[in-house]
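Participant:
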Amino acid sequence: MPRITTSLLRKARTIDPFLPALLGPCRDLYAAQNELRWLHEHVEKVAKARRAKGDTLAEEALLRQLVVERASGKPLQYILGTEYFGDLEIRCRPGVLIPRSDTAASVTHIVGLLRKAHNLPPELRVLDLCTGTGCIPLLFQHELYSTRNDIDLRVLGVDVSHKALRLASYNLQKVRNTRQYVDKGRVRFLKADILLDPFADQTRGPLPLKTALNLKGQPPFWDILVSNPPYVSPSACWKTTTRSVRGFEPKLALVPPPSKPSQPDMVQGDEFYPRLLSIAQDVEAKIVLLEVADLEQALRVARCARDLDIFDGIEIWRDQPDSSPDDITDEDGFPVLGQGNARSVICWRGTGALWLGKVTAATSKGDDVQ
Amino acid sequence: MSILPSFLPRLFSIRVTTTSLRNAAARSFSTSTPTLSKSLPPRTPLLDGDLIENFLKGSGPGGQKINKTSSAVQLKHIPTGIVVKYQDTRSREINRKMARRILQDRIEEMELGQDARTRVRAREKSKKKASSGKKTRRKYRALAEGGMGEAVQEDGANEVEGIEEPVEIEGADGQAATKPADAEVLGKEGR
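From first to last, the protein sequence lines are chains A and B. The letter at position 24 of the first sequence is residue 24 when you use full-length UniProt numbering, and the numbering goes up by one with no holes. The letter at position 152 of the second sequence is residue 152 when you use full-length UniProt numbering, and the numbering goes up by one with no holes.
(1) What does the alpha-carbon distance come out to for the pair A236 of chain A and K129 of chain B?
(2) What separation, rounded to the nearest whole angstrom, lies between the Cα atoms of A176 of chain B and V84 of chain B?
(3) When Cβ atoms are compared, which residues of the stretch 62-89 of chain B fall closer than 7 angstroms to chain D?
(4) Would you list the one or two residues that DSSP bridges to I110 of chain A?
(5) On the premise that Y231 of chain A lies in contact with A297 of chain A, defined as a C-beta separation below 8 angstroms, what is that separation, rounded to the nearest angstrom?
(6) Hey, quick one: how far does the alpha helix (DSSP H) through E44 of chain A stretch, first residue to last?
(7) From what residue to what residue does the alpha helix (DSSP H) around E83 of chain A run?
(8) Do we get a CB-CB distance below 7 angstroms when we pair I136 of chain A with the residues of chain B?
(9) Among the candidates A:S344, A:N119, A:N214 and A:L167, whose CA atom is the shortest distance from the CA of T103 of chain A?
(10) For N171 of chain A and V96 of chain A, I'd like the C-alpha separation in whole angstroms.
(11) Taking G247 of chain A as part of the beta strand (DSSP E), name the residues at either end of that continuous run.
(12) Find the nearest neighbour of K97 of chain B within the set A:G86, A:G338 and A:I90, judged by alpha-carbon distance.
(13) Name the DSSP bridge partner or partners of S344 of chain A?
(14) First and last residue of the beta strand (DSSP E) that includes I52 of chain B?
(15) Distance, Cα to Cα, G247 of chain A vs T351 of chain A?
(16) Locate the beta strand (DSSP E) running through I90 of chain A, then write down its first and last residues.
(17) Closer than 7 angstroms by beta-carbon distance: list the chain A residues that pair up with E109 of chain B, in chain order.
(18) CB of G81 of chain A to nearest heavy atom of the ligand GDP: below 6 angstroms?
(19) With three or more C-beta pairs closer than 8 angstroms as the rule, is the stretch 208-227 of chain A touching the stretch 32-51 of chain A?
(20) Can a CB atom of chain A be found closer than 7 angstroms to the CB of R96 of chain B?
(21) Quick one: using the 10 Å Cβ neighbour count with 16 as the cut-off for buried, is T5 of chain A buried or exposed?
(22) For the stretch 73-93 of chain A and the stretch 72-79 of chain B, state whether three or more C-beta atom pairs, one from each stretch, are separated by less than 8 angstroms.
(23) Exposed or buried, what is L127 of chain A when buried is set at 16 or more other beta-carbons lying within 10 Å of its beta-carbon?
(24) Quick check: what's the CA-CA separation for A26 of chain B versus R119 of chain B?
(25) Per DSSP, Y86 of chain B forms a beta bridge with which residues?
(26) Using a Cβ-Cβ cutoff of 8 angstroms, what residues of the stretch 282-294 of chain A are near chain B? List them in chain order.
(27) Report yes if the CB atom of L138 of chain A is closer than 7 angstroms to the CB atom of V107 of chain A, and no otherwise.
(28) Would you mind working out which of A:R154, A:G73, A:P20 and A:V68 sits nearest Q218 of chain A, comparing C-alpha positions?
Encoded structure:
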């Protein structure tokens, strides 16, 4: 990483004495100024709340403390307590992965396709594995109900971390309190370990997914499976993640646990995908959306899905999948849509193709006849 | 034609006094400040095909590997070539909306010139500012008059110079004491 020049530090200092410290994590003056402004607004908000309670607050001291925390690399979202995910403001706490805007773009895009579908089932079931803050179920619900009222949406978010599930429930409550669609749809969260083999000897701790679904009276079949699993390999975690991610966000949400003692690095990074695809098969998902790190991983996952031989179509979506239609390229037989880094792999089968608008109703009927 | 210059000021003076009366009557019932005189037409919608939207990020890794706080949006309008960048809020959605609004305003400025909403608003604002400044000056002149009678002449001269449009006379007149209003009318007649 290039060193920040003295002239830039000096320039920052003339604007605001707090700015040089923020240049460390931000690397650029505009970003640092923005972050300082947000921190300022946050401190003012806190001070206002304190005053309402009849308390006082040393604003300058608090701001200095927050700037020092940020300069040490602590993510701004943990300091301010929230992050925007699509239209929603999602609460963040240390110990749970901060939602990424790239994930929001994928979710918004898939719901945008589903909204146009004419033959969605009356009850649409969506399973989100490794839900974290619960951002995907909440955005899915928000985006779908912004135009469609004819569908009963049922979303289940699954996570292994107790902290994540508590935060997800909190976020659900918060969204319920502020939005209109209180009664519509059901969003639930469930604790389960999706890497556990349901036939293995039962140990203490979280249950395997199937057992947990059974136990909590959840249906065994789901229409859509979405997941943003841990996908960073141990070496990539040291080499490619930024300091604020490496030092402050939970390893549990970033790096898959090693399944065997001496395992190649890359295989550990891809640990979750075979398991997710087999769950997709078990729950008879018509659409599967899996987030990935880059094009190489996307191709590995897409090949893995192709080898299963159950999907009618597989696509790779980039960071901005909704940009113009002439952004389609082809990698190893898989269409790659949009602009930016490769971000997710989407697979569909059966009626899933119709829901996504990948085939017209007429052609699929023709297939059925044949 | 020769009758017109002598006739016009009188017409002004009548108009000013009637409006001032009306304002004085209305003031006792309502304290709200008047809003924009005419509501502006709706913004012309942007066509999605004309836009290139860019979320400005580096070519490095993304997703879980980085945790960026900037959600800047860059919008390019292909027909006009105008580029707008907006990054003030943490929400990409809000940034997108604001960038679109600013772009619409820029295009309007290009097409309509002085009639664009930004220009209309700016004029409205500067007018308000001028009239409130005038009010302030008048207030302090009145105070100075109460104290000592020397500064009156100078301020009075300034006051006359400041008048340009009848709209301002109405606005200022409604709120000010009767004596300065007379001075304004005289100033108008003097020209």
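Even for Gly, the Cβ is constructed at its ideal location relative to N, Cα and C.
Facilitator: Quick look at the numbers:
(1) 59 angstroms
(2) Residue confidence is low: A176 of chain B scores 40 on pLDDT, short of 50, so the model does not pin down where it sits. No coordinate-derived value is stated.
(3) Absent here is chain D; the protein component of the structure consists of chains A and B.
(4) I110 of chain A is not bridged to any residue.
(5) Before going further, note that residue 297 of chain A is Gln rather than Ala in the sequence given. Contact flag correct, Cβ pair sits at about 7 angstroms.
(6) L29 to A52
(7) Run containing E83 of chain A: none in the alpha helix (DSSP H); it sits in the beta strand (DSSP E), T82 to F85.
(8) no
(9) A:S344
(10) 13 angstroms
(11) It is not in any beta strand (DSSP E) - G247 of chain A instead sits in the alpha helix (DSSP H) that spans R243 to F248.
(12) A:G86
(13) A:E291 and A:W317
(14) L51 to N54
(15) 44 angstroms
(16) L88 to R91
(17) Near E109 of chain B there are no residues of chain A at all, since even the closest Cβ is about 25 angstroms away, more than 7 angstroms.
(18) Among the ligands in the structure shown, none appear at all, so the ligand GDP cannot be discussed.
(19) no
(20) no
(21) exposed
(22) no
(23) buried
(24) Caution is warranted here: a pLDDT of 47 is assigned to A26 of chain B, below 50, making its placement in the model unreliable, and the coordinate value is therefore given only provisionally. Approximately 30 angstroms between the Cα atoms of the pair.
(25) B:V73
(26) E291, V292, A293 and D294
(27) no
(28) A:R154
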